[in-house]
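To start, the structure itself, in structure tokens.
2 protein chains.
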Amino acid sequence: MNPEEEKRATPCSSPVFVHNPHLDVMKDDVLYHFGLGTATHNLPAMFGDVKFVCVGGSQWRMKSFTEYIAAEIRMEDPESEYPNICAGTDRYAMYKVGPVLSVSHGMGIPSIAIMLHELIKLLHHAHCEDVTIVRIGTSGGIGLEPGTVVVTKKSMDATFLPKFEQVILGKTVERNTDLDQCLAEELLQCSKELNQFETVIGNTMCTLDFYEGQARLDGAFCSYTEKDKQDYLKKASEAGICNIEMESSVFAAMCKLSGLRAAVVCVTLLDRLKGDQMNGSHEVLQSYQLRPQILVGNYIKKLLKAKAGRSCNSATV
Amino acid sequence: MNPEEEKRATPCSSPVFVHNPHLDVMKDDVLYHFGLGTATHNLPAMFGDVKFVCVGGSQWRMKSFTEYIAAEIRMEDPESEYPNICAGTDRYAMYKVGPVLSVSHGMGIPSIAIMLHELIKLLHHAHCEDVTIVRIGTSGGIGLEPGTVVVTKKSMDATFLPKFEQVILGKTVERNTDLDQCLAEELLQCSKELNQFETVIGNTMCTLDFYEGQARLDGAFCSYTEKDKQDYLKKASEAGICNIEMESSVFAAMCKLSGLRAAVVCVTLLDRLKGDQMNGSHEVLQSYQLRPQILVGNYIKKLLKAKAGRSCNSATV
């Protein structure tokens, strides 16, 4: 274990921050879109041991990740069923195995932002500390072989600037979209050790729309030419953008504000310079979607192993 | 049947427009987030008879709407199971009973925009004509008794302007958010005839965020006071805004561009002047959520009855 890993594996009691004085005077807190609440659920007992949170758009993918991670970290019987903790609502799905929480977030900035507000409050109410959070997702690549995994360096907007614009009381506030660079490097290193698929670190463009917002030619509306599209994607590439998705900017901004150590790991399903349609075979696209799960699953396993080793060494001192 | 209803019930062969010359030269079209496509599915056979589309955030709600409408219009056995047409994906759910299609859209502008791009292309590929589309949703009310149903007059942004900003190739384009005023009036009239709950026509604010974007005091972050919140909501009220939700602006803009006759019908789950938390009992909130379904279900039943009467009269001439 290198010094950086040692540091990460060492508890340093960093809490999950909320920044809202109004929460202190609320009698209880209903996390409406999770179907949970402080009056109805013992959040510290349910979630106090959480150290890793993995989030992704699809409910199915987060369930499959939970089954995968359970087998990897040998926390529980991999054949057992993991109940959806948010079974009272269909907005999001949530699963937990040991210290690993998996939560779906739907598609787009507003959908993941609702989830993150309630997740950050949940971790706060549960008194969680030293939490690492990773978004595992899908994306369109720019000039990369489909199936390449991109770990995000900076999340950029549609004008290639590293910022997220939050509207508060009708006024626009700019927020920083920095992600944890050490975590990104550790994930890249983990992928090298795995040696199963190509992984790169690069900038990620986050858009509010999948079709016109990403210069696709195959939406219901399109007012630009193939050349306009290529010119736009080339400019994005010149700004260091390797892939395009729809959640990373608000994810980065909110995790930074709340003190969560955060990374974005997305596989590219196609090369946008060569096309717009997702017409790869179902099997190939499915196998690509497993890659961020495999990478992050292995990273978590490695960290838990290092931590167990450290505890063991301490016990024998 | 009044002249306006007569006009609505009379086919006038208005197609669903796409505005994209690139679609004409595509060999086939994969509607990726529906798990459907022109090469794999006979879209005219599956959807050619669609005259009404109801959309809503929750997959559960759209399934329940389908069961409700099936019983109402007596198209099929209300006890039978309706298969999810998008069963190959978990992004959206889609159900069909006779001429009525129900589709879920998730939460927020990006999520509904992806669905609408693919829905508009689906209706286009299926050669559908004279389609009416209604979003049935939930919202926060301003100064209204919880449970009030709001039929949207204009959809406004967070600065109280009736526009939607679409980013295309990094540049912002403003789009009109007009909805069909005749349809809104017909829905209001239908609610009066039903006489089961209060319905009003008013403006709807559409935001990109549920917490800070709607001046809530109970998010993970909040940098403003109760007075700031009240001042903002009062200004919204002065602009004729009756309720706040997260999808109406792009819904209005895209439906207008594609020639779909569109309305937004949302129930208010709480009065935002009095609070932020959704802490009504599960049963009460559930009963409120049924109201847009009941209203739109009855409207569809009325129109189909009028159309059947007209066909019947024609046949006897």
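Which chain is which? The protein sequence lines are A and B, in order. The working numbering applies: residue 25 is where the first sequence begins, and numbers increase by one. The working numbering applies: residue 25 is where the second sequence begins, and numbers increase by one. C-beta: ideal position from N, C-alpha, C; glycine also.
Segment limits, alpha helix (DSSP H) that includes residue i
i: A/M139; result: I133 to H149
i: B/D255; result: E250 to E262
i: B/C206; result: Q205 to L218
i: A/I265; result: Premise fails: A/I265 lies in the beta strand (DSSP E), I265 to E269, not in any alpha helix (DSSP H).
i: B/L185; result: No alpha helix (DSSP H) contains B/L185, which DSSP labels as neither H nor E.
i: A/F58; result: Note, A/F58: premise wrong, no alpha helix (DSSP H); not H, not E.
Interface partners of residue i on chain A, CB under 9 Å
i: B/N227; result: Under the 9 Å cutoff, chain A gives no residues; its nearest Cβ is about 15 Å from B/N227.
i: B/D154; result: Here the premise fails: no neighbours, minimum Cβ distance about 18 Å.
i: B/M50; result: L241, D242 and Q301
Three-state secondary structure (DSSP) of residue i
i: A/K325; result: helix
i: B/R199; result: strand
i: A/C246; result: coil
i: A/P35; result: Any reading at A/P35 is ruled out, since the residue's pLDDT is 44, under 50, leaving its predicted position unreliable.
i: A/F41; result: coil
i: B/E29; result: At B/E29 the pLDDT is 48, less than 50, meaning the model places this residue with poor confidence and gives no usable figure here.
i: B/A332; result: helix
i: A/T340; result: Caution is warranted here: a pLDDT of 47 is assigned to A/T340, below 50, making its placement in the model unreliable, and the coordinate value is therefore given only provisionally. The answer is helix: DSSP assigns A/T340 an H, G or I state.
i: B/E236; result: helix
i: A/R115; result: coil
i: B/T292; result: strand
i: B/V274; result: helix
i: B/K298; result: coil
i: A/F221; result: coil
i: B/V7; result: Nothing can be reported for residue 7 of chain B: it is not among the residues displayed for chain B, which extend from 25 to 341.
i: B/M70; result: helix
i: A/C279; result: helix
i: B/S15; result: Lying outside 25 to 341, the shown extent of chain B, residue 15 of chain B is not represented and no answer is given.
i: B/S104; result: coil
Beta carbon proximity, residue i to chain E, threshold 8 Å
i: A/A244; result: Included in the structure are the protein chains A and B, with no chain E among them.
CB-CB length for residue i against residue j, believed under 8 Å
i: A/M86; j: A/Y119; result: 6 Å
i: A/E236; j: A/G243; result: 6 Å
i: A/T201; j: A/A260; result: A/T201 to A/A260, Cβ: 16 Å. No contact.
i: A/I133; j: A/V274; result: 5 Å
i: A/S128; j: A/S179; result: In fact, because the Cβ distance is near 20 Å, the residues do not count as touching under 8 Å.
i: A/F76; j: A/T156; result: 5 Å
i: B/H141; j: B/G72; result: Going by Cβ atoms, the distance from B/H141 to B/G72 rounds to 20 Å, so no, they are not a contact pair.
i: A/S247; j: B/I109; result: At roughly 30 Å, the Cβ-Cβ gap does not stay under 8 Å, so A/S247 and B/I109 are not in contact.
i: B/H57; j: B/I138; result: 5 Å
Neighbour list for residue i in chain A, Cβ cutoff strictly below 8 Å
i: B/A276; result: Going along chain A, no residue has its Cβ under 8 Å from B/A276, so there is no contact; the nearest lies around 14 Å.
i: B/V42; result: A244 and F245
i: B/F188; result: Near B/F188 there are no residues of chain A at all, since even the closest Cβ is about 11 Å away, more than 8 Å.
i: B/H19; result: Residue 19 of chain B cannot be examined here, being either before or after the span of chain B that is shown, 25 to 341.
Closest residue to residue i among the options (Cα-Cα distance)
i: A/I268; options: A/Y323, A/P170, A/R199 and A/V197; result: A/P170
i: B/C266; options: B/K216, B/L168 and B/E198; result: B/L168
i: A/K253; options: A/L294, A/G299 and A/E217; result: A/G299
i: B/T64; options: A/H306, A/P123 and A/S179; result: A/H306
i: A/T162; options: A/V42, A/F41 and A/M270; result: A/M270
i: B/G165; options: B/L257, B/S311 and B/G321; result: B/L257
i: B/G61; options: B/P45, B/E96 and B/G112; result: B/G112
i: B/K325; options: B/P316, B/C246, B/I93 and B/R334; result: B/I93
i: B/H43; options: A/H57, A/F245 and A/D255; result: A/F245
i: B/K216; options: B/L281, B/Y323 and B/S282; result: B/Y323
i: B/F89; options: B/G333, B/L314, B/R334 and B/A332; result: B/L314
i: B/H148; options: B/C279, B/Y312, B/D295 and B/T292; result: B/C279
i: A/K187; options: A/M229, A/K195 and A/G194; result: A/M229
i: B/L212; options: B/Q220, B/L203, B/V224 and B/D204; result: B/V224
Interface residues of chain B facing residue i [CB-CB closer than 8 Å]
i: A/M302; result: V54 and Y56
i: A/T64; result: Going along chain B, no residue has its Cβ under 8 Å from A/T64, so there is no contact; the nearest lies around 10 Å.
Residue i: contacting residues in chain B (beta-carbon distance under 7 Å)
i: A/A239; result: L193
i: A/G130; result: G130, M131 and S135
i: A/Y256; result: L193 and G194
i: A/Q310; result: Result: empty, since nearest Cβ-Cβ is about 11 Å, beyond 7 Å.
i: A/D114; result: S82, Q83 and W84
Unbroken beta strand (DSSP E) run spanning residue i, endpoints
i: A/K87; result: First-last for A/K87: Q83 to I97, but that is the alpha helix (DSSP H), not the beta strand (DSSP E).
i: B/L125; result: V124 to S128
i: A/V77; result: F76 to G80
Cross-chain neighbours of residue i in chain A, by beta carbon under 7 Å
i: B/S282; result: A244
i: B/L314; result: Within chain A, no residue comes near B/L314; the closest Cβ sits about 16 Å away, beyond 7 Å.
i: B/A182; result: V191 and G194
Closer than 7 Å: residue i CB and nearest the ligand ZN heavy atom
i: B/N66; result: In the structure shown, the ligand ZN is absent, as is every other ligand, since no ligand is present at all.
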